[in-house]
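14 is the number of the first residue of the sequence shown in this note's numbering; add one for each residue after it.
Where a beta carbon is used, it is the ideal one built from N, C-alpha and C, also for glycine.
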Amino acid sequence: MRPRLPVAAVVGARSASASALVVAESLGTGLVDAGFRLVTGGMGGVMEAASRGARRSPRWTDGAVVGVLPGLSASDANSFVDIVIPTGMNYARNVIVVAMADVVVALGGGSGTLSEIALAWQHGKPIVALDIGEGWSSRLAGEQLDHRRRDVVHRAGCVGDAVELAARLVGTVEGSRGF
C-alpha cells in the first residue's frame, strides 16, 4: 500500500492582483512537484491560478486538485479542478477546506482568507503565509494569532520557501487523514 500524499490548502482572494496570480500559479506547481495534493475553494483568482499551476506540474495526476465550492453548482468550479465538491455552505465551506489540509498556505487575501487562516489556527493546522506585500497573508506572516498555540503563522518570502516550509511542517501533523 502506498503512503497517502500530503494535502496543502491554498487560500487567497477570488479577486487578486496580476502579480499574486503569477505567484499562486507557481505555488500550485511547486506544491504538486513536492508531492502534495491541492485543495482550494475551487473558484477564480488565487484558487484558479494555484489549480492551473498544479495541473502544469509533471507530477500532477488526475484527482490531485480538489475544489470545495461555496455553492451547489459544480459548473461554478474553475476548469483546473479535478474533483469538485459543491457544498451550498457559502463561506462555511472554509471549514471543509481547512479540515482536508495537512498544511494551509495563504497568499494575499481578504476576509475569506482571514477566516481560513483563523480556522487553521484554531484547528492546529500549520500555516504558511506568503509575504507578497498584500492581503492578510502579508499582515499575519510571522505573527502568533493568540495564546492557543505557541508557534506562529510561518512567513515565506517566495514560493520556494513556502513549499519547503509546507513540506517540513507536514511532518508535525499528528493523526491527519486528508484524502
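Just to confirm, is the Cβ distance from residue i to residue j under 8 angstroms?
i, j, result
"L34", "G55", "no"
"E129", "V117", "yes"
"T126", "A26", "yes"
"V45", "A22", "no"
"A90", "V97", "yes"
"Q79", "L51", "At residue 79 the sequence reads Val, which differs from the Gln that was named. Contact flag set, yes."
Out of the options, point me to the one whose CA is closest to residue i's CA.
i, options, result
"M60", "P19, E177, V94", "V94"
"R161", "G184, G137, R65", "G137"
"L120", "A87, S88, V108, A154", "A154"
"Q157", "Q135, M14, V52, E177", "Q135"
"A31", "L51, G57, V52, G48", "G57"
"S70", "S86, G48, G184", "G48"
"D174", "A29, S28, V36", "V36"
Around the Cβ of residue i, are there at least 16 other Cβ atoms within 10 angstroms (buried) or fewer (exposed)?
i, result
"N103", "exposed"
"D115", "buried"
"A38", "According to the sequence as given, residue 38 is Glu; it is not Ala. The residue is buried, with at least 16 neighbouring Cβ atoms inside 10 Å."
"L132", "buried"
"P16", "exposed"
"M113", "buried"
"L40", "buried"
"G43", "buried"
"P19", "buried"
"V172", "buried"
"R181", "exposed"
"V176", "buried"
"G148", "buried"
"A29", "buried"
"A77", "buried"
"A87", "exposed"
"G170", "exposed"
"L85", "exposed"
Counting contacts by CB-CB distance shorter than 8 angstroms, is residue i in contact with chain B?
i, result
"D46", "Protein chains in the displayed structure number just one, and chain B is not present."
Following the continuous beta strand (DSSP E) through residue i, name the residue where it begins and the one where it ends.
i, result
"T53", "50-53"
"G80", "78-82"
"I98", "96-99"
"G8", "There is no way to answer for residue 8, as the model of the chain reaches only from 14 to 192."
"A169", "167-169"
Considering just the uninterrupted stretch of the alpha helix (DSSP H) at residue i, what are its terminal residues?
i, result
"G125", "124-135"
"A37", "31-46"
**Asked** Pairing CB atoms from the region 158-169 with CB atoms from the region 128-143, are three or more of them under 8 angstroms?
**Response** yes
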